[in-house]
Amino acid sequence: MVTATFRFYEELNDFLAPERRRREFTVSCARAATTKHMIEALGVPHTEVELILLNNQSVGFGALLREGDRVAVYPKFEALDIRPLLRVREQPLRDTRFVADCHLGGLARLLRMMGFDTLYDNGFVDEEIERIAAEQGRIVLTRDRDLLKRRRITHGCYVRALRPQQQLREIVERLDLTRSAQPFTLCLSCNAALHAVPKARVEHRLPPRVRELHYRFSACEVCGGVFWEGSHWQRMRALVDAVIH
Ligand SMILES: [Zn+2]
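For the sequence shown, the working numbering begins at 134 and goes up steadily by one.
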């Protein structure tokens with residue numbers, strides 16, 4: 134048995150027992166425990182961790198702990214600029230794509246509104262989310278810490294906010310999504326791409342007032358929905374502007 138000293142930074146403290154927050158503490162570690170084992174044993178999902186310093190050296194999740202080690206653990210996207218240091222993951226995900234757990238349907242629609250490919254189904258079980266994330270390189274969004282501890286999930290975000298609009302702000306801020314947003318390019322219901330369609334092609338399906346007032350339309354090839362910049366769109370536009378500016 135070895136003892137090591139830990140210090141967690143910023144929001145990682147939310148996962149710790151109250152007496153361990155924002156301070157150094159010493160714990161006994163199991164034989165041959167790695168940084169990942171201990172961080173998760175202390176309650177912090179490994180997907181929330183961006184940088185581990187072991188005796189001031191950047192290490193990965195597999196580093197073995199030895200007697201007297203000092204471990205500093207930093208969250209993703211901490212304000213501190215940690216870019217020059219080696220991070221725990223070799224590969225950032227190239228595209229920002231998500232899979233949301235079955236409780237985050239509202240957030241999934243709002244991410245689609247912002248143009249981020251987001252899979253969601255209220256029937257998704259944990260195994261399926263893990264498989265989709267691993268096979269398709271998607272970031273898991275969840276309010277379930279245990280889901281993020283699954284082995285094949287390498288990129289995930291524990292969502293703290295409870296309401297969809299606040300969740301959207303939280304994710305956009307944490308992952309720095311402002312510049313990559315492409316609002317109104319995906320169908321909110323099916324996550325499929327929207328395409329501009331000439332008015333003549335959809336005219337027969339429009340309510341008279343819409344036919345009179347609107348000229349630009351887009352359609353989803355999956356659900357067949359037709360969209361225009363009406364009052365619902367204007368409310369969404371205001372939300373998009375508030376989130377990305
Ligand atoms: Zn659709």
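Using N, Cα and C, we set each Cβ at its ideal position, and we do this for glycine too.
Spatial neighbours of A326 in its own chain (CB-CB distance under 7 Å, excluding positions within 5 residues in sequence) are listed in chain order as T318, L319. Cβ contact annotation for G176 (same chain, cutoff 8 Å, sequence separation greater than five): F148, L149, A150, R278, in chain order.
Distances from the CB of A325 to the heavy atoms of ligand 1 include at least one below 6 Å.
Assignment of beta strand (DSSP E) within the stretch 261 to 329, counting only whole runs of 3 or more residues, yields 272 to 275, 289 to 291 in chain order. The stretch 194 to 208 makes contact with the stretch 163 to 175: 3 or more CB pairs, one atom from each, lie closer than 8 Å.
Assignment of L346 by DSSP, reduced to helix, strand and coil, places it in the helix class. Looking from the CA of C235, the closest CA among E260, S351, S313 belongs to E260. The straight-line gap separating the alpha-carbon atoms of P297 and E336 is approximately 33 Å. DSSP lists F139 as the bridge partner or partners of F158. Looking at the DSSP output, F231 sits in a beta bridge with T251, I272. Assignment of beta-bridge partners to Q367 by DSSP yields no partner. Not one heavy atom of ligand 1 lies closer than 6 Å to the C-beta of V160.
Between the alpha carbons of A267 and H288 lies a gap of roughly 9 Å.
Look at C290: its beta carbon is at least 6 Å from all of the heavy atoms in ligand 1. In the structure shown, the three-state DSSP call for V373 is helix.
Take the alpha-carbon of Q315 and the one of R245: they are about 9 Å apart.
The alpha-carbon of L301 is positioned some 22 Å away from that of G363.
Boundaries of the beta strand (DSSP E) harbouring V206: 203 to 208, taken from the DSSP string.
Closest option to R285, judged by alpha-carbon separation, among R264, Y291, E303: R264.
Placement of the Cβ of S322 at a distance of less than 6 Å from at least one heavy atom of ligand 1 is found.
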